[in-house]
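Q: Numbering (the UniProt record's numbering), first residue to last: 1 to 418. All C-beta atoms in this analysis are idealised placements derived from N, C-alpha and C, irrespective of residue type, glycine included.
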Amino acid sequence: MTNSSSPPFHIAVIGGGPAGLMAAQAASGLGAKVELFDAMPSVGRKFLLAGRGGMNITHAEGYQPFVSRYGRQAHRVKPALDQFGPQKVRDWVHSLGVETFVGSSNRVFPTDMKAAPLLRAWLHRLREAGVQFHMRHRWTGWQDEDGQLAFATPDGERLRAFDAVILALGGGSWARLGSDGAWVPLLQGQGVAVAALAPANCGFDVDWSAHFSSRHAGEPLTTVAITAHDIDGLRIKRQGQFVITAGGVEGSLIYALSAALREQIARDGSATIWLDLAPDHSHERVFEEVTRPRGARSMSSHLNSRLGIKGVKSGLLRECLSAADFADEAKLAAAIKLLPVTLVRPRPIDEAISSAGGVEFDGVDGSMLRAMPGVFVAGEMLDWEAPTGGYLLTACLAQGKAAGEQAVAWLEEKVNAR
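Put into structure tokens, the structure is as follows:
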């Protein structure tokens with residue numbers, strides 16, 4: 001805690017997403033005077049949008065598997081998660097008067113599945129703690145002369161000075177909700193290394209024929225598995241769902257593989273996934289059914305009656321196989337279990353659920369920028385990514401809490417060193 005005989009530390013939090021709100025909670029809870037700034041008319045806009053289909057708060061799998069979901073940067077994210085992991089996130093939600101439950105996929109949701117009540121309770125707690133909110137304040141950088149923060153507001157430019165600053169400005173996806181990546185050149189101009197922002201949890205383009213696209217765009221594949229190569233080149237297979245789009249593929253199963261697929265495209269110019277259109281049947285069973293005598297029935301009718309392959313699945317076979325291979329029963333059976341589809345590019349970052357890239361961890365000491373003492377960063381601004389399923393939100397909350405606590409600790413150390 002700050003010394004009761006001295007005025008409280010004055011800390012700015014820039015960014016009103018989960019990381020910024022949690023940073024404000026942590027710093028104010030340690031006695032700091034906190035002011036939070038956001039360019040949008042209200043806070044938590046992306047948080048609310050993510051909760052429209054059911055607010056996925058965190059994930060209830062074992063802790064080690066949970067940490068592994070952060071891929072190559074797991075060791076960078078783990079220190080914050082160790083202090084504020086999935087169970088503590090649930091405990092915090094409960095402290096706001098919102099109960100949670102674990103769904104069939106181990107995802108954790110509020111009992112009412114909604115984000116708005118949680119956000120309202122959280123903002124009420126923050127205001128009670130004295131956090132001041134400044135909306136429609138777009139941060140535009142620092143004044144060179146004295147290091148004041150500059151904000152563009154409806155009433156013109158405003159300059160403010162603080163003891164410490166916590167940046168929680170998000171990544172580069174969903175710019176209309178505030179995550180536009182405009183902070184990147186501001187930090188680079190101060191000597192901070194930033195890895196290029198890239199789409200994560202994103203769809204991919206496929207060069208479908210006009211015929212296939214016009215017939216099947218928007219159709220889901222609800223029972224399908226994908227074999228692909230992970231970031232380290234190891235072959236993996238996952239079952240789930242995804243959707244055919246007019247120009248490619250998107251959906252939860254695709255998003256789960258997006259980091260590896262994006263890196264493969266960057267390296268090789270394209271990436272291949274292999275679809276198993278009959279994941280509940282062995283190759284032997286599929287071969288047996290395909291080669292079973294079908295009389296006067298067409299192959300399409302035969303596949304429908306024997307294996308339930310119809311609609312978009314049948315269309316995919318026609319799209320990805322030559323007429324000769326479709327007519328070859330052995331090749332057709334093999335393709336049903338392992339149909340190659342070539343992805344040519346990720347969809348634009350602004351369509352992605354989240355983004356990869358950001359402030360490089362080598363330039364950060366805990367949460368503080370090495371190049372800028374007194375400036376702390378948290379959330380999607382940092383160079384990590386994670387699949388959907390509560391992992392993104394949990395890490396943002398954990399990093400926000402760490403940044404708020406470390407900002408106060410750094411200021412206390414400065415006072416004690418005098």
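From T388, M381, V375, L382, pick the residue whose C-alpha is nearest to that of A409; which is it?
A: That would be V375, whose Cα lies nearest to the Cα of A409.
Q: Return the chain-ordered list of same chain residues with a C-beta closer than 7 Å to the C-beta of R138, the five sequence neighbours on each side being excluded.
A: Hits under 7 Å: A39, F151, A152.
Q: In or out: A327 buried (at least 16 other Cβ within 10 Å) or exposed?
A: Label assigned to A327: exposed.
Q: K310 by DSSP, collapsed to three states: which one?
A: Here K310 sits in coil by DSSP.
Q: Which whole-angstrom value describes the C-beta separation of A193 and G357, a residue pair presumed to lie in contact below a C-beta threshold of 8 Å?
A: Not confirmed; about 11 Å, so no contact.
Q: Who are the near neighbours of E360 in its chain, counting only those whose CB is closer than 6 Å to its CB and skipping five residues on each side?
A: Hits under 6 Å: A193, A195, D383.
Q: Decide if P387 is buried, meaning its Cβ has at least 16 other Cβ atoms within 10 Å, or exposed.
A: Its Cβ being crowded by 16 or more others within 10 Å, P387 is buried.
Q: Using 8 Å as the cut-off, can you tell me whether the region 337-347 makes contact with the region 43-53, which would need three or more C-beta pairs spanning the two stretches below that distance?
A: They do not touch, by the three-pair rule.
Q: Helix, strand or coil: which one does DSSP assign to T388?
A: Three-state result, T388: coil.
Q: Which value, in whole angstroms, describes the spacing of the CA atoms of L167 and V34?
A: Computed Cα separation, rounded: 13 Å.
Q: Output needed for L303: all residues of its chain with C-beta closer than 6 Å, excluding positions within five of it in sequence on either side, in chain order.
A: Closer than 6 Å at Cβ, skipping near neighbours: I309.
Q: Tell me I244's beta-bridge partners as DSSP assigns them.
A: Per DSSP, V249.
Q: Excluding five sequence neighbours on each side, which residues of the same chain lie with their C-beta closer than 7 Å to the C-beta of E319?
A: Counting only Cβ-Cβ distances below 7 Å, and skipping sequence neighbours, we find W208, S209, F212.
Q: So which of A260, I57, G171, A200 has the shortest CA-CA distance to V107?
A: The question names Val, but residue 107 is Arg in the sequence shown. Per the Cα distances, I57.
Q: Please list the segments of the beta strand (DSSP E) lying wholly inside the UniProt domain "RsdA/BaiN/AoA(So)-like insert" (199-354), counting only runs of 3 or more residues, in order along the chain.
A: Those beta strand (DSSP E) runs which fall completely within the UniProt domain "RsdA/BaiN/AoA(So)-like insert" (199-354) and span 3+ residues are 220-229, 235-244, 248-250, 271-276, 339-343.
Q: Please confirm if the region 198-208 is in contact with the region 240-252, defined as three or more CB-CB distances below 8 Å between the two stretches.
A: With the cut-off at 8 Å, the region 198-208 and the region 240-252 touch.
Q: Alpha carbon to alpha carbon, what distance is there between A175 and V165?
A: Near 23 Å, if we compare the C-alpha coordinates of A175 and V165.
Q: Since A334 and L317 are thought to touch, with beta carbons under 8 Å apart, how far apart are those beta carbons, to the nearest angstrom?
A: Contact doesn't hold; Cβ gap of about 11 Å is too wide.
Q: In whole angstroms, give me the CA-to-CA distance for F162 and S42.
A: Distance between the alpha carbons of F162 and S42: 22 Å.
Q: Measure how close the beta-carbons of A225 and I236 come, nearest whole angstrom, since I'm counting them as under 8 Å.
A: Contact flag wrong, Cβ pair sits at about 10 Å.
Q: Would you kindly check if the distance between the Cβ of K401 and the Cβ of M22 is under 8 Å?
A: Cβ distance < 8 Å, so M22 and K401 count as in contact.
Q: Under the rule that 16 or more other beta-carbon atoms within 10 Å means buried, what is H216, buried or exposed?
A: Per the 10 Å Cβ criterion, buried.
Q: Which ranges does the alpha helix (DSSP H) cover as unbroken runs of at least 4 residues, wholly within the region 107-156, from first to last along the chain?
A: DSSP runs (the alpha helix (DSSP H)) wholly in the region 107-156: 116-128.
Q: So, helix, strand or coil for F84, using DSSP?
A: Of the three classes helix, strand and coil, the one that applies to F84 here is coil, per DSSP.
Q: Kindly examine the ligand NAP and report whether one of its heavy atoms sits closer than 7 Å to the Cβ of A27.
A: The ligand NAP is not part of this structure, which contains no ligands at all.
Q: With distance defined between alpha-carbon atoms, name the residue in L186, L126, F133, R125 nearest to D144.
A: The shortest C-alpha separation from D144 is found at L186.
Q: Whole angstroms are fine: how far does the CA of A271 sit from the CA of L257?
A: Distance between the alpha carbons of L257 and A271: 11 Å.
Q: Please classify P7 as buried or exposed, where buried requires at least 16 neighbouring CB atoms within 10 angstroms.
A: It is exposed - the Cβ of P7 has fewer than 16 other Cβ atoms within 10 Å.
Q: Could you check where the alpha helix (DSSP H) with A50 kicks off and where it finishes?
A: Element bounds for A50: 45-50.
Q: Which class does M368 belong to by DSSP, given the choice of helix, strand or coil?
A: M368: strand per DSSP, three-state reduction.
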